[in-house]
Amino acid sequence: MMTNNGNNNKPSQWHEIENLLGSKLPALPTSKQMELLKDTSWIEGYVQNILNKTMPQNGMQKVTQSNSKAEVFETHYHVIVKTPISYEVNPAVKVRPDLIKIEGQLDNKKNQLIRLPCLVVPSTAKATYKEGILQIKIRKKKLNKTYREVSIRYI
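According to UniProt numbering, the sequence shown is numbered sequentially starting from 1.
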């Protein structure tokens with residue numbers, strides 16, 4: 001420890017930590033380097049950049065539909081589809097593992113087909129209608145990563 005007059009009678013705790021880690025710790029920043037650290041405006045841009053790169057894989061992902069007004073979102077476990085529907089329409093919603101079909105539209109469309117970004121379990125689909133928006137929520141199909149042995153028929 002350092003004494004009040006600055007003499008080293010015993011090794012400082014800093015040196016003890018270095019010995020424990022087996023390497024020298026980095027030097028403390030200089031006052032000029034500390035001034036650079038005071039400007040934190042770059043952090044927001046950096047964090048936004050990282051979030052934009054990672055959110056499509058880890059968070060909610062928006063999948064665009066080129067020929068439809070529907071919005072398709074993915075979460076970890078669900079696919080959510082939102083599409084505008086007139087309140088005068090009583091649509092029928094049909095779901096298969098890769099596609100949603102909405103029947104009974106007024107605007108001269110026979111059916112609205114919405115391609116899903118991944119396979120889903122149709123029996124888990126739930127639809128709600130609120131303020132002109134039809135929302136359909138469907139659980140994603142779990143990917144079975146186990147291998148199944150296939151027997152070989154020798155001819």
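Note that beta-carbon positions come from the ideal geometry of N, C-alpha and C, so glycine has one too. These numbers come from a predicted model, not from an experiment.
Taking only heavy atoms of the ligand NAP into account, decide whether any of them is closer than 8 Å to the Cβ of residue i.
{"i": "His15", "result": "Ligands are entirely absent from the displayed structure, and the ligand NAP is therefore not among its contents."}
Rounding to the nearest angstrom, what Cα-Cα distance links residue i and residue j in this structure?
{"i": "Ile114", "j": "Lys94", "result": "10 Å"}
{"i": "Pro29", "j": "Lys38", "result": "12 Å"}
{"i": "Gly104", "j": "Ala92", "result": "6 Å"}
{"i": "residue 223", "j": "Lys53", "result": "A question about residue 223 goes unanswered here, because the residues of the chain that appear run from 1 up to 155."}
{"i": "His15", "j": "Ser31", "result": "23 Å"}
{"i": "Arg139", "j": "Thr128", "result": "15 Å"}
{"i": "Val47", "j": "Ala125", "result": "35 Å"}
{"i": "Val150", "j": "Leu143", "result": "19 Å"}
{"i": "Leu25", "j": "Glu35", "result": "21 Å"}
{"i": "Ile50", "j": "Phe73", "result": "20 Å"}
{"i": "Arg153", "j": "Thr146", "result": "22 Å"}
{"i": "Asn19", "j": "Arg148", "result": "53 Å"}
{"i": "Asp130", "j": "Trp42", "result": "Checking the sequence shown, residue 130 turns out to be Lys, not Asp. In a straight line, the C-alpha of Lys130 is about 41 Å away from that of Trp42."}
{"i": "Lys110", "j": "Thr40", "result": "55 Å"}
{"i": "Gln13", "j": "Gly45", "result": "38 Å"}
Using the rule of at least 16 other Cβ atoms within 10 Å of the residue's Cβ for burial, across every protein chain shown, is residue i buried or exposed?
{"i": "Gln33", "result": "exposed"}
{"i": "Val116", "result": "Rather than Val, the amino acid found at residue 116 in this sequence is Leu. So Leu116 counts as buried."}
{"i": "Gln112", "result": "buried"}
{"i": "Ile100", "result": "buried"}
{"i": "Ala70", "result": "buried"}
Can you tell which of the options has the C-alpha that lies nearest to the C-alpha of residue i?
{"i": "Ile80", "options": "Asn90, Tyr46, Cys118", "result": "Cys118"}
{"i": "Val89", "options": "Pro97, Ile102, Tyr77", "result": "Ile102"}
{"i": "Arg96", "options": "Ser123, His78, Val72, Ile43", "result": "Ser123"}
{"i": "Thr75", "options": "Gln13, Leu25, Val120, Leu21", "result": "Val120"}
{"i": "His78", "options": "Ile152, Lys141, Gly22", "result": "Lys141"}
Decide if the segment 124-141 is in contact with the segment 76-88; the criterion is three or more beta carbon pairs, one per stretch, under 8 Å apart. yes
For the segment 9-47, list the alpha helix (DSSP H) runs that are entirely contained and at least 4 residues long, ordered along the chain. 13-21, 31-38
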